[in-house]
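J.: Numbering (the UniProt record's numbering) for the sequence shown: 1 to 740. Note that the Cβ used here is the ideal one computed from N, Cα and C, for glycine as well. Predicted model only: the values in this text are computed from it and were never measured. Structure provided below as structure tokens; questions to follow.
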Amino acid sequence: MSGHDSKYFSTTKKGEIPELKEELNSQHRDKRKDAVKKVIAAMTVGKDVSSLFTDVVNCMQTENLELKKLVYLYLINYAKSQPDLAILAVNTFVKDSQDPNPLIRALAVRTMGCIRVDKITEYLCDPLQRCLKDDDPYVRKTAAVCVAKLYDINAELVEDRGFLESLKDLISDNNPMVVANAVAALAEIQEHSSRPIFEITSHTLSKLLTALNECTEWGQVFILDALSRYKAADAREAENIVERITPRLQHANCAVVLSAVKMILLQMELISSTDVVRNLCKKMAPPLVTLLSAEPEIQYVALRNINLIVQKRPTILAHEIKVFFCKYNDPIYVKMEKLEIMIKLASDRNIDQVLLEFKEYATEVDVDFVRRAVRAIGRCAIKLDRAAERCISVLLELIKIKVNYVVQEAIIVIKDIFRRYPNMYESIIATLCESLDTLDEPEAKASMIWIIGEYAERIDNADELLESFLESFPEEPPQVQLQLLTATVKLFLKKPTEGPQQMIQVVLNNATVETDNPDLRDRAYIYWRLLSTDPEAAKDVVLAEKPVISDDSNQLDPSLLDELLANIATLSSVYHKPPDAFVTRAKTASQRTEDDDYPDGNEKGYSANVGDGGASPSTSSSSVPYTAARRPSPAQVMPAPASPVPDLLGDLIGLDNNAMVPADPPAMPSGPPLPILLPASTGQGLQISAQLARQDGQIFYSLMFENNSQITLDGFMIQFNKNSFGLAAAGPLQVITVGL
Numbered sequence: 001m002s003g004h005d006s007k008y009f010s011t012t013k014k015g016e017i018p019e020l021k022e023e024l025n026s027q028h029r030d031k032r033k034d035a036v037k038k039v040i041a042a043m044t045v046g047k048d049v050s051s052l053f054t055d056v057v058n059c060m061q062t063e064n065l066e067l068k069k070l071v072y073l074y075l076i077n078y079a080k081s082q083p084d085l086a087i088l089a090v091n092t093f094v095k096d097s098q099d100p101n102p103l104i105r106a107l108a109v110r111t112m113g114c115i116r117v118d119k120i121t122e123y124l125c126d127p128l129q130r131c132l133k134d135d136d137p138y139v140r141k142t143a144a145v146c147v148a149k150l151y152d153i154n155a156e157l158v159e160d161r162g163f164l165e166s167l168k169d170l171i172s173d174n175n176p177m178v179v180a181n182a183v184a185a186l187a188e189i190q191e192h193s194s195r196p197i198f199e200i201t202s203h204t205l206s207k208l209l210t211a212l213n214e215c216t217e218w219g220q221v222f223i224l225d226a227l228s229r230y231k232a233a234d235a236r237e238a239e240n241i242v243e244r245i246t247p248r249l250q251h252a253n254c255a256v257v258l259s260a261v262k263m264i265l266l267q268m269e270l271i272s273s274t275d276v277v278r279n280l281c282k283k284m285a286p287p288l289v290t291l292l293s294a295e296p297e298i299q300y301v302a303l304r305n306i307n308l309i310v311q312k313r314p315t316i317l318a319h320e321i322k323v324f325f326c327k328y329n330d331p332i333y334v335k336m337e338k339l340e341i342m343i344k345l346a347s348d349r350n351i352d353q354v355l356l357e358f359k360e361y362a363t364e365v366d367v368d369f370v371r372r373a374v375r376a377i378g379r380c381a382i383k384l385d386r387a388a389e390r391c392i393s394v395l396l397e398l399i400k401i402k403v404n405y406v407v408q409e410a411i412i413v414i415k416d417i418f419r420r421y422p423n424m425y426e427s428i429i430a431t432l433c434e435s436l437d438t439l440d441e442p443e444a445k446a447s448m449i450w451i452i453g454e455y456a457e458r459i460d461n462a463d464e465l466l467e468s469f470l471e472s473f474p475e476e477p478p479q480v481q482l483q484l485l486t487a488t489v490k491l492f493l494k495k496p497t498e499g500p501q502q503m504i505q506v507v508l509n510n511a512t513v514e515t516d517n518p519d520l521r522d523r524a525y526i527y528w529r530l531l532s533t534d535p536e537a538a539k540d541v542v543l544a545e546k547p548v549i550s551d552d553s554n555q556l557d558p559s560l561l562d563e564l565l566a567n568i569a570t571l572s573s574v575y576h577k578p579p580d581a582f583v584t585r586a587k588t589a590s591q592r593t594e595d596d597d598y599p600d601g602n603e604k605g606y607s608a609n610v611g612d613g614g615a616s617p618s619t620s621s622s623s624v625p626y627t628a629a630r631r632p633s634p635a636q637v638m639p640a641p642a643s644p645v646p647d648l649l650g651d652l653i654g655l656d657n658n659a660m661v662p663a664d665p666p667a668m669p670s671g672p673p674l675p676i677l678l679p680a681s682t683g684q685g686l687q688i689s690a691q692l693a694r695q696d697g698q699i700f701y702s703l704m705f706e707n708n709s710q711i712t713l714d715g716f717m718i719q720f721n722k723n724s725f726g727l728a729a730a731g732p733l734q735v736i737t738v739g740l
């Protein structure tokens with residue numbers, strides 16, 4: 001619709017359906033066109049205009065392309081709820097698929113693919129076969145995508161009619177966009193198939209690389225993603241592939257750039273020549289840097305991908321650390337990601353620049369960013385031995401600023417530095433002890449207590465410092481209590497004098513008798529028994545030499561990192577999780593089992609299978625179990641033949657685009673109580689709880705009736721009101737009585 005068509009959305013007239021019906025059957029073409037626009041507008045804002053289905057379908061017989069598109073849009077939306085009437089449109093589809101105008105031919109086959117009704121798919125096959133071999137490339141590329149849609153509805157039909165072979169033939173097409181769509185369709189089908197369907201051979205490889213130079217940007221992305229699954233035979237072939245793909249790094253579209261980077265990184269694993277690898281690293285740096293001049297959202301996606309790349313190949317951006325310096329107007333999520341990458345790229349050569357930046361960030365106003373900057377200084381100290389002293393000097397300067405949260409974060413990271421470099425920087429403990437009174441965060445307190453306990457023999461007033469914490473021992477969080485217990489035991493073992501002896505008794509008493517925390521109590525009992533039976537053994541356990549901690553900036557497991565690098569330019573590389581961790585693939589028709597065994601009988605509650613509004617009364621559940629929560633009452637079972645119910649809600653929210661699902665209800669899962677819709681106080685003793693739920697790919701409306709009155713309740717009727725989703729019961733619903 002054009003900008004002038006907004007008027008169709010502003011109408012609020014009542015009783016407009018009869019008027020629309022009259023206009024749709026008008027003899028005037030302009031009136032019919034306006035009426036269809038009004039119908040589409042009403043459909044768009046959620047009004048139910050399914051009753052006009054036949055009248056709208058009658059408008060299909062037109063030469064006007066705009067009107068035809070609108071009618072097809074209406075059909076896609078309502079064919080599922082009116083499958084019997086949708087067949088009326090089949091003849092027009094078949095006729096349009098042979099129209100002289102290629103736009104109409106493509107539109108017809110595209111729409112037939114979008115109407116996910118089993119009854120129509122068999123009529124789609126012949127037009128689709130013709131369109132796959134059409135003279136016009138626009139029709140062929142549209143038909144290629146339609147094959148993937150048809151496979152999702154009926155995989156067996158696609159395989160039997162030879163559509164997969166036709167798709168593979170299109171890879172050799174002379175039009176690059178047809179090739180790209182064929183690749184996209186085959187990749188989509190491969191994802192939903194358990195057997196190999198789309199395998200790239202050296203012959204196919206050459207054709208795809210040729211098409212890569214000429215197709216559109218998204219076509220290039222599809223081809224590059226498909227090529228990334230190809231394993232080169234040897235280093236020479238890998239070099240040839242990379243040479244053909246390298247020009248894509250200069251593309252204006254960041255998706256093409258990232259896909260090309262992914263492809264090159266994967267092929268670099270097979271290239272043995274260090275000179276070639278070094279040159280490729282140099283070529284990849286400028287396009288990655290260019291991505292950081294885009295909008296903040298694209299910057300963030302690029303940074304998440306760069307984070308993975310520098311873990312595998314830090315040399316690519318080793319000389320480009322300045323581009324990751326934070327700007328004052330960067331959003332916080334971009335700043336945080338830049339910090340992470342700067343830590344990974346920090347080296348002895350650039351550490352002075354990096355520390356200067358981090359120190360600057362530690363004086364900003366955003367508290368979370370300041371904390372992360374201070375922690376970054378500590379991580380650089382742990383990572384780089386030679387720079388540790390410079391990092392500690394910066395941390396001490398920040399502590400002298402006396403900003404509370406900066407001081408506390410500095411103490412936390414200094415504790416880690418002491419773990420990394422034991423017995424090297426203890427001279428700064430006196431400075432840390434000056435800030436004891438300002439500590440109010442559990443992690444900072446625990447870190448300071450650990451430092452005092454670990455170096456108790458070098459701190460003259462260690463017992464006094466710990467005693468100041470012990471005064472509030474019962475109120476402290478578990479993290480601080482555990483650290484206090486261990487630090488006091490360390491102090492006692494290092495200085496077994498009267499003061500620490502009294503302290504250890506107080507702490508052990510508090511940690512065993514006065515606490516409810518099992519972790520604290522168990523640790524206290526272990527220390528108590530160790531100290532009372534064998535103090536020397538206690539020394540060996542508590543004062544044992546600790547393993548030196550290492551740098552955690554490359555924290556991803558190598559196998560996980562390789563998997564994520566193979567998924568660069570996808571959500572997986574943004575989340576830093578493998579696809580299986582956050583994507584649940586919907587089953588296709590070929591993967592479904594036709595006869596699922598569902599237990600029937602005595603479930604808690606009442607489960608109504610919900611179908612679409614157009615289902616006929618004969619479509620019903622094979623059993624409608626019902627049991628009251630406290631006073632059970634058997635339900636009347638209404639047997640009827642089970643017939644398929646269109647899965648409307650799944651299609652709307654994108655969980656499952658397969659239209660046909662069995663209508664038998666599964667057992668009600670045991671889970672949280674259903675939300676109460678009608679409390680007993682309002683319903684004169686009758687309480688109704690209900691919830692719409694998805695189970696095994698089907699939609700169920702679970703109802704539970706609870707009788708809190710003193711009489712048997714009966715005479716109920718249940719009905720679904722018309723709703724914008726077109727949901728209705730799959731069959732007759734009946735509840736005879738709700739007993740006492």
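I'd like the span of the alpha helix (DSSP H) that includes Met43, first residue to last.
T.: Met43 -> alpha helix (DSSP H) spans Arg29 to Thr44.
J.: Would you mind working out which of Asn154, Ala148 and Asn707 sits nearest Lys119, comparing C-alpha positions?
T.: If we check each option's Cα against that of Lys119, Asn154 comes out closest.
J.: Can you grab the Cα-Cα spacing for the pair residue 820 / Ser206, in whole Å?
T.: Absent from the structure is residue 820, since the part of the chain shown begins at 1 and ends at 740.
J.: Tell me the rounded alpha-carbon separation between Leu164 and Ala362.
T.: Between Leu164 and Ala362, the C-alpha separation is close to 59 Å.
J.: Could you check if Gln267 is buried or exposed, using at least 16 other CB atoms within 10 Å of its CB as the buried criterion?
T.: With 16 or more other Cβ atoms within 10 Å, it is buried.
J.: What distance in whole Å lies between the Cβ atoms of Leu20 and Lys33, which are believed to be in contact at a cut-off of 8 Å?
T.: Actually they do not touch by this definition, with Cβ atoms about 13 Å apart.
J.: Rounding to the nearest angstrom, what Cα-Cα distance links Asp160 and Arg195 in this structure?
T.: Going from the Cα of Asp160 to the Cα of Arg195 covers about 15 Å.
J.: Beta-carbon separation of Gly453 and Ile417 under 8 Å?
T.: No. Outside cutoff.
J.: For a test of the three-state rule: what should DSSP assign to Ser689, helix, strand or coil?
T.: The answer is strand: DSSP assigns Ser689 an E or B state.
J.: Could you tell me how far apart the beta carbons of Asn510 and Pro478 are, in whole angstroms, since I believe they sit closer than 8 Å?
T.: Actually they do not touch by this definition, with Cβ atoms about 13 Å apart.
J.: Within the continuous beta strand (DSSP E) that includes Ser702, where are the two ends?
T.: Per DSSP, Ser702 belongs to the beta strand (DSSP E) from Gln698 to Asn707.
J.: Excluding the five sequence neighbours on either side, which residues of its own chain have a C-beta within less than 7 Å of the C-beta of Ser51, listed in chain order?
T.: The answer, listed in chain order, is Ile17.
J.: Have a look at the DSSP bridge pairing and note the partners of Ile189.
T.: None; Ile189 has no bridge partner.
J.: Expressed to the nearest angstrom, what Euclidean distance is found between the alpha-carbon atoms of Trp528 and Ala444?
T.: Between Trp528 and Ala444, the C-alpha separation is close to 27 Å.
J.: Taking the beta carbon of Met424 as the centre, do at least 16 other beta carbons fall within 10 Å, making it buried, or is it exposed?
T.: Met424 comes out exposed.
J.: Where do the N-terminal and C-terminal ends of the beta strand (DSSP E) with residue 815 fall, by residue?
T.: Examination of residue 815 is not possible in this model, given that the chain is present from 1 through 740 alone.
J.: One question on the structure: do Leu85 and Val56 come within less than 8 Å of each other, judged by their Cβ atoms?
T.: For Leu85 and Val56, no; Cβs fall outside 8 Å.
J.: Below 8 Å on the Cβ atoms is my guess for Arg244 versus Ala260; work out the distance and round it to an integer in Å.
T.: So it is not a contact: roughly 10 Å between Cβ atoms.
J.: On the DSSP letters alone, give me the boundaries of the alpha helix (DSSP H) that Leu288 sits inside.
T.: Where Leu288 is concerned, the enclosing alpha helix (DSSP H) stretches over Thr274 to Leu291.
J.: Would you please state the rounded distance, in angstroms, between the beta carbons of Leu291 and Cys254? I believe it to be under 8 Å.
T.: That belief holds up - the Cβ atoms of Leu291 and Cys254 are roughly 5 Å apart, short of 8 Å.
J.: Looking only at its own chain, which residues have a Cβ that is under 6 Å from the Cβ of Cys391, when we skip the five neighbours before and after it?
T.: The residues are Ile377, Cys380 and Ala381.
J.: What is the DSSP secondary structure of Val738, reduced to helix, strand or coil?
T.: Here Val738 sits in strand by DSSP.
J.: Give the DSSP-derived three-state secondary structure of residue 811 in the structure shown.
T.: This structure does not reach residue 811, given that the chain is present from 1 up to 740, and the question cannot be answered.
J.: Would Ile332 pass as a contact of Phe358 if the rule is Cβ separation under 8 Å?
T.: Against a cut-off of 8 Å, the Cβ pair of Phe358 and Ile332 comes out as no contact.
J.: Report back the beta-carbon spacing between Leu484 and Ile449 to the nearest angstrom; my notes put them in contact at under 8 Å.
T.: Going by Cβ atoms, the distance from Leu484 to Ile449 rounds to 6 Å, so yes, they are a contact pair.
J.: Output the boundary residues of the beta strand (DSSP E) element that contains Ala729.
T.: Run containing Ala729: Leu727 to Ala729, per the beta strand (DSSP E) assignment.
J.: If we call anything under 8 Å between Cβ atoms a contact, is Ser702 one with Gln684?
T.: No, the Cβ-Cβ distance between Ser702 and Gln684 is not below 8 Å.
J.: Measure the C-alpha to C-alpha separation of Asp385 and Ile414 and round it to an integer number of angstroms.
T.: So the alpha carbons of these two residues sit roughly 14 Å apart.
J.: To which residues of the same chain is Leu470 closer than 7 Å at the C-beta, ignoring the five residues directly before and after it?
T.: If we look at Leu470 and ignore the five residues flanking it on each side, its Cβ neighbours are Leu484, Met503, Val506 and Val507.
J.: Roughly how many whole angstroms lie between the Cα atoms of Asn723 and Val71?
T.: Each residue's Cα considered, the two are about 22 Å apart.
J.: Identify, in the order they occur along the chain, each residue of the same chain with its Cβ nearer than 7 Å to the Cβ of Gly219, setting aside the five sequence neighbours on each side.
T.: Around Gly219: Pro176, Met177 and Ala180.
J.: Using only CA atoms, which one of Glu360, Pro314 and Ile411 lies nearest to Ile341?
T.: Here the closest residue by C-alpha is Pro314.
J.: Under three-state DSSP, which class holds residue 749?
T.: The structure shown does not extend to residue 749, since the chain is modelled only from 1 through 740, so no value can be given for it.
J.: Could you check which residue in Leu466, Met263 and Ile76 has the C-alpha nearest to that of Leu565?
T.: Of the listed residues, the one whose Cα sits closest to Leu565 is Met263.
J.: Less than 8 Å between the beta carbons of Met112 and Tyr74, yes or no?
T.: Not closer than 8 Å, so no.
J.: Count the other CB atoms, across all protein chains shown, that sit within 10 Å of the CB of Val49; report buried if there are 16 or more and exposed otherwise.
T.: Buried: at least 16 other Cβ atoms inside 10 Å.
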